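K.L.:
Got a structure for you, written out below as C-alpha cells; questions coming shortly.
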Amino acid sequence: MASFNKVILVGNLTRDPEVRYTTGGTAVTEVGMAVSRNWTDRSTNERKEETTFVDVTLWGRTAEVAGEYLSKGRPCLIEGRLQLDQWEDKETGQRRSKLKVVGETLQLLGSRNDGGGGGGGGRPESGGSQPSRPPAANTGREEKSPDQAFYDDAPSPPKDDEIPF
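The numbering of the sequence shown is my numbering, which starts it at 131 and goes up by one.
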C-alpha cells in the first residue's frame, strides 16, 4: 500500500521558540503556529476567517535556526510530516493522543522587522552615518533586492513557438 505524509504550513508563530538539547547534544524546539483560512460565506456574502493552531517540533540545526531568528508573531513556512503522539494520562489513567507536525525544513518569511522582533543574525550596524543611496530611476518597476534582481535578470524560458520539437 502506498502512503505519503507531507505537510506544508505557512503561518505566524504563537510563542517564542525555546531551544533545548537532548542528552546526546541534539537541539530540539517546540513552536506553535497559527494558520488561517479565509473564505466568503455564499449565503451572507460575508468574509470569514478560521484559524488553526498547530504544534511543530523542530530538530537539529533547524531548531537552532528557529531559536536564533524566529520570535512570536514572525511568519514562516514549515515543511514536515504528521506524527501521532500517544501516552497515558498520569492523573486519570486515560489513553491520550495528539497529532502534531515534525518539521523537516524551515523557511523564514517577511523582513527582519516583521512580527515581534527577532533574534540577531542580521547585518552588522555601523555607528557612523551610511552614505545615502541615489534615488532610483522611475522605470515603472519597483526596487528589488539583489537576490530578486538576480532572478529577474535571468533569461526567460522560451516561448512555445521557439521550442524546436
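Backbone N, C-alpha and C define an ideal beta-carbon position, used for all residues, glycine too. Note that the structure is predicted; figures quoted are calculated from it, not measured.
Buried or exposed, going by whether 16 or more other CB atoms sit within 10 Å of the CB of D146?
P.N.:
buried
K.L.:
Taking a contact to mean a Cβ-Cβ separation below 7 Å, would you say A193 touches V158 in this structure?
P.N.:
yes
K.L.:
How many angstroms separate the CA atom of G223 from the CA atom of V186?
P.N.:
In a straight line, the C-alpha of G223 is about 26 Å away from that of V186.
K.L.:
Rounded to a whole number of angstroms, what is the C-alpha to C-alpha distance between C191 and T174?
P.N.:
Here residue 191 is Arg; the residue named in the question, Cys, does not match the sequence. When only Cα atoms are considered, R191 and T174 end up about 47 Å apart.
K.L.:
Rounded to the nearest angstrom, what separates Q237 and P205 at their Cα positions?
P.N.:
Q237 and P205 have their C-alpha atoms some 9 Å from each other.
K.L.:
Work out the CA separation of T156 and V137 for me, nearest whole Å.
P.N.:
23 Å
K.L.:
Taking 7 Å as the cut-off, decide whether the C-beta atoms of K228 and Q213 are in contact.
P.N.:
no
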